[in-house]
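Q: So in UniProt numbering, spot 355 of the sequence shown is number 355, and the numbers just go up one at a time. One structure, pasted below without further comment.
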Amino acid sequence: MTERKTIIETGWNLDNSYARLPKTFFTRQSPTPIPSPKLIILNYPLITSLGLNSQALQSNDGVAVLGGNKIPEGALPLAQAYAGHQFGHFTLLGDGRAVLLGEQITPLGERVDIQLKGSGKTPYSRGGDGRAALGPMLREYIISEAMNALGIATTRSLAVVTTGESVIRETEQSGAIMTRVAASHIRVGTFQYVSKWGTVEELRVLADYTLQRHFQDVDADENRYLFLLKEVIKRQAALIAKWQLVGFIHGVMNTDNMAISGETIDYGPCAFMDVYDKATVFSSIDVYGRYAYGNQPKIAGWNLARFAETLLPLLHVNQDHAVKLAQDAVSGFTELYHYNWLSGMRAKLGIFNEELQDESLIEDLLSMMQKYRGDYTNTFRALTFDKLEDNVMFGTKEFAHWHEMWQARLGRQQESKDSSYKLMKSCNPAIIPRNHRVEEALEAAVKQRDYSVMERLLDVLSRPYAHYPEQADYSTLPEPSTCPYRTYCGT
Ligand code: AMP
Ligand code: MG
Numbered sequence: 001m002t003e004r005k006t007i008i009e010t011g012w013n014l015d016n017s018y019a020r021l022p023k024t025f026f027t028r029q030s031p032t033p034i035p036s037p038k039l040i041i042l043n044y045p046l047i048t049s050l051g052l053n054s055q056a057l058q059s060n061d062g063v064a065v066l067g068g069n070k071i072p073e074g075a076l077p078l079a080q081a082y083a084g085h086q087f088g089h090f091t092l093l094g095d096g097r098a099v100l101l102g103e104q105i106t107p108l109g110e111r112v113d114i115q116l117k118g119s120g121k122t123p124y125s126r127g128g129d130g131r132a133a134l135g136p137m138l139r140e141y142i143i144s145e146a147m148n149a150l151g152i153a154t155t156r157s158l159a160v161v162t163t164g165e166s167v168i169r170e171t172e173q174s175g176a177i178m179t180r181v182a183a184s185h186i187r188v189g190t191f192q193y194v195s196k197w198g199t200v201e202e203l204r205v206l207a208d209y210t211l212q213r214h215f216q217d218v219d220a221d222e223n224r225y226l227f228l229l230k231e232v233i234k235r236q237a238a239l240i241a242k243w244q245l246v247g248f249i250h251g252v253m254n255t256d257n258m259a260i261s262g263e264t265i266d267y268g269p270c271a272f273m274d275v276y277d278k279a280t281v282f283s284s285i286d287v288y289g290r291y292a293y294g295n296q297p298k299i300a301g302w303n304l305a306r307f308a309e310t311l312l313p314l315l316h317v318n319q320d321h322a323v324k325l326a327q328d329a330v331s332g333f334t335e336l337y338h339y340n341w342l343s344g345m346r347a348k349l350g351i352f353n354e355e356l357q358d359e360s361l362i363e364d365l366l367s368m369m370q371k372y373r374g375d376y377t378n379t380f381r382a383l384t385f386d387k388l389e390d391n392v393m394f395g396t397k398e399f400a401h402w403h404e405m406w407q408a409r410l411g412r413q414q415e416s417k418d419s420s421y422k423l424m425k426s427c428n429p430a431i432i433p434r435n436h437r438v439e440e441a442l443e444a445a446v447k448q449r450d451y452s453v454m455e456r457l458l459d460v461l462s463r464p465y466a467h468y469p470e471q472a473d474y475s476t477l478p479e480p481s482t483c484p485y486r487t488y489c490g491t
């Protein structure tokens, strides 16, 4: 890929490798201008890592770029085409309310997409208004930044601006645009789109581009497309395990919402689980629990099977053989996921080495949490600090027995108990973005234009493993009256 360097005051250093791909992959599309862009929040640490200048970004010109009123030098805005299985049904999609400005080449030489979300209609809008509301954009900002701080691969949020226009949802709301930063926006759905409507040669171009962009260490003599499939599977196995380990529920794991890079993408009706329950669903539209907490690994496997199908023509000239290669690779997901999850769970319990019975020790704890309605995050934190309060579970004989087994297990490894507790501290977050706290911050922001609640929340969420007293306030559970919590799509 050739890199074009155009450095202006703000530090935009954009290249457009995606725009050089076959024209069927996208439509050139500028953002639709807005009446009055106003900066609501800016991500200072991210600005620096992108090589941008925060002062310039806050200037009228800078904010005009973030609002889509000014195209920065070097940008070639476009809307990406993609398809997707939405709740199992295959649909033609594409960026219906987003444009990719280009790829910022960072001071470290990394290439990241800069996308405006909520920037107006595109040929893929399908009757939608192309816009986004302030609440949902701030919600994506908060949760994606919290995920990043938790050490989970995710797209990032650079800024949110209001547009000066209203958007009509259930009610009239302030319009907003979020600037999203991603390793790329190539989705399982991008491959589905090209596989269905493109040629095999175009599919090869997309696969080669993806390898070049995300998986460069492919050996010259190996089947590069099988390598691609296996690497995507590996990254998803690691990602979904991390979601499960912190109790994150994506809410709409459609194939268009699964990024090939292995980053969490498209924060819609997502939320973090409070009380441990595998059946937890937050999304109002997920009536059958397809994307419930406990189903996420299975659904990831299903999505990866759809990805593998798109690669069949590239995997082998003999279709039967291609199918066999794909099936073998996809069936490896379950084991890879399980390995990641089990390693993560061991660490959450301070276990360094491996014993066969570890899984049943973990499952016993989770069953007790489910039975006694233990809060997922707080239970692990209580174990980490040996402060076994606040839950009936801790007072039961069942738990006392489990605790004894666990302590005995910690005794069967070389590392000291002290090292175990240190490990637990680094794996069990003090806080997660709890729904009622996120809602409280959004309400203050949207209704009163008071952003201080959100800023404080973002601050504590930025150090989830630091375990300091000010976080205590943020780890209390919601009032039962606010449960069950519901999140909404179509935002
Ligand atoms: P999402 O639910 O955000 O993953 O979006 C699913 C699809 O709907 C994508 O193709 C989006 O671009 C499109 N979409 C969502 N909201 C809008 C909107 N307000 N206007 C146009 N397209 C939209
Ligand atoms: Mg989406």
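A virtual CB, placed ideally from N, CA and C, is assigned to each residue, including glycine. Everything numeric in this text was worked out from a predicted model, so none of it was measured.
Less than 6 Å between C-beta atoms, sequence neighbours within five positions excluded: which residues of the same chain meet that for Gly130?
A: If we look at Gly130 and ignore the five residues flanking it on each side, its Cβ neighbours are Arg97, Gly120, Lys121.
Q: In whole angstroms, what is the alpha-carbon distance linking Gly88 and Ser283?
A: 16 Å
Q: Using DSSP's beta-bridge definition, name the partner residues of Gly175.
A: Answer by DSSP bridge pairing, in chain order: Ala133.
Q: Output needed for Pro22: all residues of its chain with C-beta closer than 8 Å, excluding positions within five of it in sequence on either side, in chain order.
A: Taking Pro22 as the centre and dropping the five residues before and after it, the same chain places the C-beta of Gly198, Glu202, Val205 closer than 8 Å to its C-beta, in chain order.
Q: Measure the CB-CB distance between Gly251 and Gly84 and report whether it falls below 8 Å.
A: no
Q: Could you compute how far the alpha carbon of Met454 sits from the alpha carbon of Ile40?
A: Cα-Cα distance, rounded: 11 Å.
Q: Check each candidate in Asp113, Ala176, Thr162, Glu165 and name the one with the smallest Cα separation from Thr154.
A: Asp113
Q: Which full runs of the alpha helix (DSSP H) of 4+ residues lie inside the stretch 194–268, going along the chain?
A: List check, alpha helix (DSSP H) in window: 200–214, 224–246.
Q: Could you spell out where the alpha helix (DSSP H) holding Phe26 opens and where it closes?
A: Note, Phe26: premise wrong, no alpha helix (DSSP H); beta strand (DSSP E) at 26–28.
Q: Going straight from the alpha carbon of Lys397 to that of Met368, what length do you get?
A: 11 Å
Q: Report buried or exposed for Tyr44, applying the criterion of at least 16 other Cβ atoms within 10 angstroms of its Cβ.
A: Flag for Tyr44 reads exposed.
Q: Closer than 7 Å to a non-hydrogen atom of the ligand MG - does that hold for the CB of residue 492?
A: Outside the displayed span of the chain (1 to 491) sits residue 492, for which this structure offers no information.
Q: Which parts of the stretch 286–320 are runs of the alpha helix (DSSP H), unbroken and 4 residues or longer, counting only runs that do not cross its ends?
A: Within the stretch 286–320, complete alpha helix (DSSP H) segments of at least 4 residues are found at 296–315, given in chain order.
Q: Name, in chain order, the residues that DSSP records as bridge partners for Leu92.
A: Ala83
Q: Check whether the stretch 343–361 touches the stretch 318–333, counting contact only when three or more Cβ pairs, one atom from each stretch, lie closer than 8 Å.
A: no
Q: Would you call the stretch 214–224 and the stretch 265–272 in contact, with 3 or more CB pairs under 8 Å?
A: no
Q: Taking its Cβ as the centre, do 16 or more other Cβ atoms sit within 10 Å of Leu158, making it buried, or is it exposed?
A: Leu158 counts as buried, since no fewer than 16 other beta carbons sit within 10 angstroms of its beta carbon.
Q: Please state if the CB of Met405 and the CB of Phe399 are separated by a distance shorter than 8 Å.
A: Cβ atoms of Phe399 and Met405: not closer than 8 Å.
Q: Measuring CA to CA, which of Gly301, Glu222, Ala79, Arg187 is closest to residue 508?
A: The chain is shown from 1 up to 491; residue 508 falls before or after that span and cannot be answered.
Q: Can you check which of these residues, Trp341, Ile177, Gln414, is closest to Ile34 by C-alpha distance?
A: Comparing Cα positions, the closest option is Ile177.
Q: Taking the CB atoms as reference points, tell me whether Glu103 and Leu14 lie closer together than 8 Å.
A: Taking 8 Å as the Cβ cut-off, Glu103 and Leu14 qualify as a contacting pair.
Q: Any chance the CB of Asp113 is under 7 Å from a heavy atom of the ligand AMP?
A: no
Q: Does the Cβ-Cβ distance between Tyr291 and Met258 come in under 8 Å?
A: no
Q: Let me check one thing: in DSSP terms, what residues is Phe272 bridge-paired to?
A: Phe248
Q: Answer with buried or exposed for Arg486, where buried requires no fewer than 16 other C-beta atoms within 10 angstroms of its C-beta.
A: exposed
Q: What number of angstroms, rounded off, separates the C-alpha of Pro123 from the C-alpha of Trp402?
A: 58 Å
Q: What is the residue span of the alpha helix (DSSP H) that Ile47 lies within?
A: 44–50
Q: Is Ala19 helix, strand or coil when you go by DSSP?
A: helix
Q: From which residue to which residue does the beta strand (DSSP E) around Gln115 run?
A: Counting along the chain, the beta strand (DSSP E) containing Gln115 begins and ends at 111–117.
Q: Between Asn428 and Arg381, is the Cβ-Cβ spacing less than 8 Å?
A: Taking 8 Å as the Cβ cut-off, Asn428 and Arg381 qualify as a contacting pair.
Q: Would you be able to state if there are at least three C-beta pairs under 8 Å between the stretch 219–233 and the stretch 52–64?
A: no
Q: If we ignore side chains and look at the alpha-carbon of each, how far apart do residue 510 and Gly151 end up?
A: Residue coverage of the chain in this structure runs from 1 to 491, which leaves residue 510 outside it and unanswerable.
Q: Using the C-alpha atoms, what's the distance from Lys422 back to Gln448?
A: 41 Å
Q: What first and last residue would you give for the alpha helix (DSSP H) that runs through Arg381?
A: 376–385
Q: Arg180 and Gln86 - do their beta-carbons sit closer together than 8 Å?
A: For the 8 Å CB-CB criterion, Gln86 and Arg180 do not form a contact.
Q: Given the structure, does Leu134 come close to the ligand AMP, in the sense that its CB is under 7 Å from one of the ligand's heavy atoms?
A: no
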